[in-house]
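Input: a single structure, listed below in structure tokens.
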Amino acid sequence: IMHAVNKVAIIDKELAGLAEPVDALFPKTAPYCDIDLTPRWDYDLEKAMLLNCNDELQTAVSSCTEHTAEFIVLEGEATLAALEDDIRADLEAVGISVTTRTLAKDPFNEAMVSGDFNMAFSETWGPPYDPHSYAASWATPDEAHFAALKGLPEPMTQAVLSNKISEVLTMADPTARQAAWYEILSTLHEQAIDLPFSGKRIPAVLGRRLSGYTAGNQQFDYPVHNVQVLSGSKTITVAPGGQTGLFVGVGRLDPHSYRPNEFFISNWIYEGLVHYGHNGVIHPALATSWTIADTQGGGQRYRFALRAGVTFHDGTPFNCVAVKMNFDHVLHPPLNH
436 IMHAVNKVAI
446 IDKELAGLAE
456 PVDALFPKTA
466 PYCDIDLTPR
476 WDYDLEKAML
486 LNCNDELQTA
496 VSSCTEHTAE
506 FIVLEGEATL
516 AALEDDIRAD
526 LEAVGISVTT
536 RTLAKDPFNE
546 AMVSGDFNMA
556 FSETWGPPYD
566 PHSYAASWAT
576 PDEAHFAALK
586 GLPEPMTQAV
596 LSNKISEVLT
606 MADPTARQAA
616 WYEILSTLHE
626 QAIDLPFSGK
636 RIPAVLGRRL
646 SGYTAGNQQF
656 DYPVHNVQVL
666 SGSKTITVAP
676 GGQTGLFVGV
686 GRLDPHSYRP
696 NEFFISNWIY
706 EGLVHYGHNG
716 VIHPALATSW
726 TIADTQGGGQ
736 RYRFALRAGV
746 TFHDGTPFNC
756 VAVKMNFDHV
766 LHPPLNH
């Protein structure tokens with residue numbers, strides 16, 4: 436499977452240059468991911484035929500060992516359905532017959548949680564959440580990775596891997612942390628849990644009278660406050676889009692429990708104590724600085740210095756009371772679970 440899928444051809448055909456083929460789960464620009472993982476999961480039809488077919492020249496599908504696989508695809512995802520169709524055709528060339536189930540959202544999620552699939556599309560969370568936050572999510576049985584990791588053999592079983600991920604998240608020494616991530620990522624790569632397919636780009640289309648826009652540092656982050664109107668009306672229309680079309684709602688506008696595709700509107704309205712820069716680097720925002728001190732109980736205490744002269748839109752001062760109210764909200768059930 437890993438060598439049979441022609442990622443370059445499929446991306447060129449279906450994604451119109453808005454992605455690039457990849458050979459690893461995380462990009463090398465992600466923290467602790469600038470490592471060379473082997474073997475390379477690149478397209479090599481001859482190697483795929485050699486691994487699964489008996490014909491010396493590896494030219495006849497009839498000489499291949501027959502395998503079957505079940506692919507689940509979310510209903511309404513036209514782009515993913517097109518990619519699945521091409522992947523299925525590539526796998527058939529090496530004797531792998533694919534059955535596809537197109538499922539509505541709830542049955543799709545149920546199949547992912549229960550492991551009722553052989554292949555399913557998924558994506559990492561991007562900066563600043565890769566690899567640590569995304570890998571930590573594999574320990575909960577509500578994502579496809581939890582089911583996929585059940586087959587990990589000794590010595591790096593699913594339980595061992597989960598413990599190693601928990602440990603690396605608390606390591607203070609950067610050298611030890613890098614070594615731990617190397618072991619985790621190498622195991623995942625060698626066991627072919629994922630077929631790395633493409634790195635996604637988020638396009639932005641602007642009118643000629645606008646300038647100054649720069650892409651956000653997180654997926655679904657569209658920093659329109661950087662846009663400058665060069666001519667005409669100062670009123671502009673913004674239409675954030677997703678794979679299934681334009682977003683038609685912005686959710687509850689709760690900055691502490693938004694869904695990913697509501698991220699952009701939260702950033703337009705709210706600001707945090709800090710914000711993420713390129714590659715997940717943390718920068719000051721409403722806090723100008725902060726200190727971290729160890730406590731006697733083994734925890735840590737963070738002390739933030741707040742930016743002076745800031746007000747809410749109605750003139751109410753921004754102060755420690757407002758910050759405490761937000762932390763109380765985050766730490767209150769159900770958000771603290």
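Heads up: the sequence shown runs through residues 436 to 772, numbered per my numbering.
No residue lacks a Cβ here, since even glycine has one placed at the ideal position from N, Cα and C.
None of these values were measured; they are calculated from a predicted model.
Apply the 10 Å Cβ neighbour rule to residue i and answer buried if 16 or more other Cβ atoms are within range, or exposed otherwise.
i    : result
H660 : exposed
P566 : buried
A774 : What the structure shows of the chain is the stretch from 436 to 772, and residue 774 is not part of that stretch, so it cannot be assessed.
K759 : exposed
F552 : buried
E519 : buried
V745 : exposed
Using alpha carbons as the reference points, say which of the options lies closest to residue i.
i    : options                : result
F581 : E558, Y569, V758, V548 : V548
M554 : E527, P588, I507       : I507
R644 : G667, N702, R636, T622 : G667
A720 : I600, N714, L741       : L741
V709 : W703, H718, S701       : H718
A571 : P588, N598, T592       : N598
E578 : T592, A459, G586, E558 : E558
S568 : I628, L604, V765       : L604
H502 : S532, F762, V662       : S532
E640 : T649, R536, I445, G707 : What sits at residue 640 in the sequence shown is Val, not Glu. With distances taken between Cα atoms, V640 lies closest to T649.
A454 : H691, K442, G634       : G634
I619 : G550, P631, Q593, T575 : Q593
T514 : E449, N754, E602, F747 : E449
In three-state DSSP terms, what is residue i?
i    : result
F506 : strand
E618 : helix
Y693 : coil
F739 : strand
L538 : strand
Y711 : strand
T746 : strand
Q663 : strand
I522 : helix
V443 : helix
P562 : coil
I704 : helix
V533 : strand
A555 : strand
G634 : strand
I717 : strand
P609 : helix
Let's see if you can read the secondary structure: which residues bound the beta strand (DSSP E) around residue i?
i    : result
D763 : Careful: D763 lies outside any beta strand (DSSP E), inside the alpha helix (DSSP H) at 755-765.
D729 : 722-729
Name the one or two DSSP bridge partners that residue i has.
i    : result
C488 : C499
S646 : Q663
At what residues does the alpha helix (DSSP H) containing residue i begin and finish?
i    : result
A454 : That residue, A454, is in no alpha helix (DSSP H); its beta strand (DSSP E) goes 454-456.
L596 : 593-603
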